[in-house]
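Residue numbers (the working numbering): 193 to 323.
The beta-carbon is built from N, C-alpha and C at its ideal position, and this holds for glycine as well.
Please read these numbers as outputs of a predicted model, since none were measured by experiment.
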């Protein structure tokens, strides 16, 4: 199905994609910080990863529980973020910054979904609908 070229969404899909991405970021950030108790998000596995990342940041590099029960990539990443935040003197805001990074990563995944759908569908209108 071909759409006329006069539709704004067909002429400039990148404007609408940018609008979708900005809406996603703003909606996620508003919901996260204004309407949720984000300080209570550290439950289940994430609480364990968080605790291990903090232990590693404080100097405990190798313990059995850090390397044998769960994959080390998640808390290794968190430890790296903590290191950067420590250098920037922003460690007091580590939870908020990690959550903001999560919102950014989810928005990037929306952009990649658009690119994948463009490769498959070869139609910017339908790719934006998928996005």
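Taking residue i as the reference, which of the options has the closest Cα?
i           : options            : result
residue 269 : 323, 285, 293      : 293
residue 223 : 249, 295, 251, 287 : 295
residue 248 : 273, 230, 236      : 273
residue 239 : 267, 281, 251      : 267
residue 213 : 306, 253, 291, 279 : 306
residue 283 : 250, 264, 321, 232 : 250
residue 287 : 311, 321, 243      : 243
residue 241 : 321, 280, 264      : 264
residue 220 : 321, 253, 281, 302 : 302
Would residue i be called buried (16 or more neighbouring beta carbons within 10 Å of its own) or exposed?
i           : result
residue 235 : exposed
residue 319 : buried
residue 209 : buried
residue 285 : exposed
residue 297 : exposed
residue 227 : exposed
Between residue i and residue j, how many whole angstroms is the CB-CB distance? I'm expecting something under 8 angstroms.
i           : j           : result
residue 323 : residue 217 : Not really, about 14 angstroms apart at Cβ, beyond 8 angstroms.
residue 324 : residue 291 : Only positions 193 to 323 of the chain appear in the structure, and residue 324 is not among them; the question remains open.
Are residue i and residue j close, meaning C-beta to C-beta below 8 angstroms?
i           : j           : result
residue 245 : residue 207 : no
residue 205 : residue 309 : no
Ignoring anything shorter than 4 residues, give me the alpha helix (DSSP H) runs that lie fully in the stretch 205 to 262, in order along the chain.
205 to 227, 236 to 249, 256 to 260
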